[in-house]
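If you want our numbering, it's the 1-based position in the sequence shown plus 10. Ideal Cβ placement from N, Cα and C applies to all residues, glycine included. These numbers were taken from a predicted model, which means no experiment stands behind them. So the structure is just underneath, and the comments pick up after that.
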Amino acid sequence: KAVKAELAALKAEVAEAKTHGTERFDSAVADLQSGIDDALANERSQVARDTDDARLAARAARAQVSDIKVMQTLSESEFRSFSEQFGRMFDAGMGAEAIKKVIEGLDLDDLAEKLHVEMRQTSGQRRKKAIKRLRLIEAFRKSGARPEWMILSTLPVIPPDLRPMVQLDGGRFATSDLNDLYRRVINRNNRLSRLLDLEAPEIIIRNEKRMLQEACDALIDNGRRGRAIAGTGNHRLKSLSDMLKGKQGRFRQNLLGKRVDYSGRSVIVVGPDLKLHQCGLPKKMALELFKPFVMRQLVEKGFAHNIKSAKRIVERVRPEVWDVLEEVIADHPVLLNRAPTLHRLGIQAFMPVLVEGSAIQIHPLVCFAFNADFDGDQMAVHVPLSTAAQREAKELMLSTQNLLSAADGSPVVSPTHDMVLGCYYLTVEEPEAKGANWVFSSADEAMMATQLGHVHVQAPIRVELPVAGGVDGDGAAGATSELVATTTGRVIFNTVIPDALGFVNRVMDRKGLKALISQCYRELGPEATTHLVDGIKTLGFHYATVAGITIGIDDIRVPAEKVALLAGADTQVAGIDREFRRGFITEEERYKQTVDVWRDTTDTVTQKMLDGLDKKGSVWMITHSGARGNVTQVHQLAGMRGLMADPSGRIIDLPIRSNLREGMTVLEYFISSHGARKGLADTALRTADSGYLTRRLVDVAQDVITREDDCGTDLGTWITREESTQIPEPFTDRLGGRMVAVDIVDEATGELIVARNEEINEAAVERIDALGLDRISVRSPLTCAARHGVCRMCYGRNLATGQLVALGQAVGIIAAQSIGEPGTQLTMRTFHTGGVAGEDITQGLPRVEELFEARIPKGQAIMTEIDGTVELVEVKAPSKGRIAKKGATLTLHSEDVDTREYQVPHSARLKVESGDEVLAGHPLTEGSLNPKDLLQIKGVDTVQRFLVAEVQKVYRSQGVTISDKHIEIIVRQMLRKVTVDSAGDTELLPSELIDRFEFEEVNNRILAEGGEPATAQTVLLGVTKASLNTSSFLAAASFQETTRVLTEAAINGAKDHLLGLKENVIIGKLIPAGTGAAARAAAAAKARELSPEEAESLREREAAMTFLTGDVDADHDGVIAPDEAEAAAEEAGETVVALMDAGDNPAIEAEVVEEVFEELIAEDGPGGS
């Protein structure tokens, strides 16, 4: 039992323990399980969180990578972090390499399409940008160029001759800047390739690349980017661009202006005994100039056996040399040129006459054309070498062929100074002279009496003279005699005048002589005129000497009334000052009144002095004949010097009371030195400005050549009396030599005076004037429809010859010279009317420049844009202050109630009153109109006439006459371009500048195809802009902004059709004007005789022939001699064999050569056999 009990107890214990253990175990398991569950839940949420983070990070990274776009720029730090993160996912680079890679992948067609859409759909700045990009892309597409070609990876090196190196005496070398620039590129390039081989760190390589890029930039255009590279002595190195640019660049220095051999220069002296077509050439100079010709003659004449001995003879100056020289120059003209050559008369041809000494002698009458005088001027001599050049010199350039000025048709050879004085002395009448009232039976008898000293040349006599137009018994004209009251001097004077001009019985002063020469040229032609001027010259010099006219200080008399007049003026001025001090008048009014008083006083003193001058005295004779001096100068000598201007141009209200005879006080001397100094400074400035203006005018008009007979236009321009009075230019002067656009009819009788397309000659001008017609429509370059240049009918008379202009005349250059040459005479002043603001009117040269450059004028007038009625409204200034500012508003009421307001400053002077009726384009205030506004409001015709009239006003006010047609040619060039508004179905782009004839052509083509035409409006370009926008890139590049013009031309794949003068000179061809035009016309006629196919094949063959035979005519005499042909054939054979010898099989090649030559020498080929 005890065991049983123990067993039971044990069992119970075990059961208990079991139960306890199980429970403990279960709870432990449960504990573990819940721990696992908790951990799992934690892990799960952690993983979810991590997954989300990773997802976000991936998204961000993807966004960052997709943000990297082609063409994006990265900073240094951005690039580094990107590289670490995404290494190979993108490719970035620096400098031109990267750009090249990018643009290689551009699809231009696709891009153009996108930009077209953008251009149509956007506006404002974005549209502008799209148009700009499109213009560039279209240029690439048209020219077939690729953008990546614009980046050079291989640098061409120019030939060593163009970058020379010279050894100096110290054994050192002087070298061209280009060598330095090239050297830098080479050094850096070599260093870069070495570094790349060494696999140097990226940063070093990048720095080296940057330096290499900078070296290339400097070579191509130094200073364009960053600081310019300087050489020794800190001077900027001249890069390739600098070699082309500017006055010393390739274009202007070497291509458009070349140095010539066979020339010399020397001081000029007067040659009073020369004929008009001669010049005196110093013997020594002539021998050197004509040396080769003399040597050839010496050999031909047997004085020397070979050229070497002939040269020795010439150098030792043996006696026979002079005889040979005389022969050589007998019919060989030379050209004389005086710098500055402002117009075509600055170079003329003369027949040389050998003279002793070392100075060139020139005829006194050609001085005016050269603007030469004998105070030490120098002239250059050139020898025309070829027969063609000599012919041109004789027929076109000889001084006797150039008697009229191209600017206004007036004689350019007319007597001046002592010649005028001699003729005046000879033809003036003196009733008290010895032998007065004698009567002679013939001119010879009268002259004999004078030579014997019985009758003075100025004595009034009566003499029997034949009268032109009378007929005697034999039927011979001009034989009836008549007693004529004249002087013996006039009888002598008439000995040099051609009989056809009749007996000239009047006092001959400078104007009279000029008119006489003009009439002689018109009626009798150049040859008679030459004899006439030579005769007048001889007479003038002789009688100026015989007269013994001179002036001494006593010839100048100071008027006795001067003291009283000055005292009276002082009293008036004192009165004005008193009023000013009392405050009755303003400072401005005081100044104006004082100046007026002194002006009047000066005029009165001058008048009194002139009244007191001896009418037979030397001073009177010299000034009245027009030989020298004028009233102003005489009044400074004997009257009072009057008012002077200070350096700003404002008149000083303290006059100079003394004259030069009495002498001035220190203060007066000081005041007058202002004006003198300003005059000298102005002259220097004016010369440079005037030269630059001429250059711009030449450039804009250089391709205007008369290229056709008649453009067939019905349009013309109106010349009106009213406009002529405003200029002031005589109405009749503007008509001569123009072609009529609308029949001129006498309204009273219906009679036709001049028919359309006929020239208005002198007789017609007189008729028109007599009938009092007020407006005439004439053909004009402004309305000429010729696509290139102008036509003969629209240009009219060539003023230099008096005939209708010939084909191939460079009328544009003539126009530019006619306007530019007198430019130096124009004053520089901006006029100050007492220094009041808003009243400064530009005059003189700056005004001409302002007009031709189409700038906004200084002191611009306010112009109305609509027709209507004026209403003035005063506006008080809104600001408070001690001085009240005032302004005025002009309100314009139009009929259909469109009101415009114009703000007008208070200082402006109004030209209208309230209630005035005005038309659009009418100025409301004083000042100059802005031509660009005028074009917008009134159109092309008005602005053309405005510009011509305004330029004329400036020149006329200085007493310079220029024909309207010259200004019209320049204005035509300024208005040649139109700017596109909408493109329609054309390929044009909005706001593109295009020639108006080209624009019409494009539109006609589109209309023919049934498309919508483009619209455009005319733009007024200044001459500089017009020159740069010319169709010839060579001409534009040689003018200004060379690098820009050439880059644009390269991108556009520009073609130059060589229509102008400059581009032909640059490439070394004959210019398409003058004799060059004739040569071109002959070639064109030859081409016209063939059918287009024939002409094409002929052109191809000629090209082949030229290419194969090289320059066959070796001595350029126009004939191909047998030996020349043989040499050419040999050379050509070698060329052809070299070209065709692909394999080494001469037999086959020879056959091919034979075929080619047979084809070349076939009957229909150029040159036949």
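Close-in-space but distant-in-sequence residues of the same chain around residue i (CB under 8 Å, 5 per side omitted)
i, result
"L383", "Residue identity check: residue 383 is Asp in the sequence provided, not Leu. Cβ within range, chain order: C377."
"G542", "A small fix is needed here, since residue 542 is Leu in this sequence, not Gly. Correct list, in chain order: V506, I507, P508, L526, I527 and C530."
"I214", "L205"
"V324", "L297, K301, V304, M305, L308 and V331"
"L266", "S1048, K1072, V1075 and I1076"
Whole-angstrom C-beta distance between residue j and residue i, which should lie under 8 Å
i, j, result
"G830", "L703", "6 Å"
"I662", "L670", "No, I662 and L670 are not in contact; Cβ-Cβ is about 18 Å, not under 8 Å."
"T5", "V800", "This structure cannot speak to residue 5, because the chain is shown only from 11 to 1179."
"F261", "L254", "6 Å"
"L1071", "D610", "Rounded, the Cβ-Cβ distance is 54 Å, inconsistent with contact."
"A379", "Q358", "7 Å"
"A369", "P441", "Their Cβ separation, rounded to whole angstroms, is 45 Å, which puts A369 and P441 out of contact at 8 Å."
"M674", "T612", "That belief does not hold up - the Cβ atoms of M674 and T612 are roughly 15 Å apart, past 8 Å."
"K418", "L809", "It should be noted that the sequence gives Asp, not Lys, for residue 418. Right, their Cβ atoms sit about 6 Å apart."
"V556", "V438", "Not really, about 14 Å apart at Cβ, beyond 8 Å."
"Q388", "I278", "7 Å"
Per-residue burial, residue i [other beta carbons within 10 Å of its own, 16 or more giving buried]
i, result
"N232", "buried"
"D544", "buried"
"A320", "buried"
"I1233", "Because the chain spans 11 through 1179 in this model, residue 1233 falls outside it and cannot be assessed."
"M99", "exposed"
"G432", "buried"
"P350", "exposed"
"R354", "buried"
"E859", "buried"
"L855", "buried"
"I1066", "The sequence shown places Asp at residue 1066, rather than the Ile named in the question. Answer is buried; the Cβ neighbour count reaches 16."
"E927", "exposed"
"H30", "exposed"
"R785", "exposed"
"I823", "buried"
Nonlocal neighbours in the same chain, by C-beta distance under 6 Å from residue i, ignoring five residues either side
i, result
"R982", "P791 and L792"
"G290", "G281, V363, V365 and Q371"
"T614", "L575"
"T345", "Contrary to the premise, residue 345 reads as Leu rather than Thr in this sequence. Cβ neighbours of L345 beyond the five flanking positions: I357, A359 and H392."
"F183", "M175 and Q177"
"E923", "none"
"V764", "V750, I754, I770 and A774"
"E757", "none"
Proximity test, residue i beta-carbon vs the ligand MN heavy atom, cut-off 8 Å
i, result
"K219", "By its list of ligands, the structure shown contains no ligand whatsoever, and the ligand MN lies outside what it can speak to."
Chain-order list of residues whose beta-carbon lies under 7 Å from that of residue i (same chain, five-residue window excluded)
i, result
"N515", "V494, T496 and R500"
"G726", "A751, V752, S787, V788, R789, S790 and T793"
"A825", "A711, H976, I979 and I980"
"Q468", "V438, E439, E440, A443, T497 and G499"
Run through the region 51-122 for me and flag every whole alpha helix (DSSP H) of 4 or more residues, listed as ranges in chain order.
-> 86-96 and 105-114
Is it true that the region 983-993 meets the region 1027-1039, where meeting means three or more beta-carbon pairs spaced less than 8 Å apart?
-> Counting Cβ pairs under 8 Å, three or more are found: they touch.
Let me know the alpha helix (DSSP H) ranges lying completely inside the region 808-885, each 4 residues or longer, listed in chain order.
-> 821-830 and 854-862
Does the count of Cβ pairs from the region 244-263 and the region 178-195 closer than 8 Å reach three?
-> Yes, the region 244-263 touches the region 178-195.
Length at least 4, wholly inside the region 436-475: the alpha helix (DSSP H) runs in chain order = 453-461
Enumerated in chain order, which unbroken segments of the alpha helix (DSSP H) with a length of 4 residues or greater are wholly contained in the region 507-594?
-> 520-557 and 572-591
Is there contact between the region 403-415 and the region 450-461, where contact requires at least three CB pairs shorter than 8 Å?
-> no
Could you tell me whether the region 1035-1055 touches the region 118-137, where touching means 3 or more Cβ pairs closer than 8 Å?
-> These segments do not touch.
Would you be able to state if there are at least three C-beta pairs under 8 Å between the region 546-565 and the region 422-441?
-> yes
Would you check if the region 616-633 and the region 589-600 touch, i.e. whether three or more CB-CB distances between them fall below 8 Å?
-> no
Three or more beta-carbon pairs under 8 Å between the region 859-872 and the region 936-943, yes or no?
-> yes
Residue ranges of each alpha helix (DSSP H) within the region 609-664, 4 or longer | 628-635 and 641-648
Tell me the start and end of each unbroken alpha helix (DSSP H) in the region 701-781 that is at least 4 residues and wholly inside, in chain order.
-> Counting only runs of 4 or more, we get 731-736, 741-745 and 772-781.
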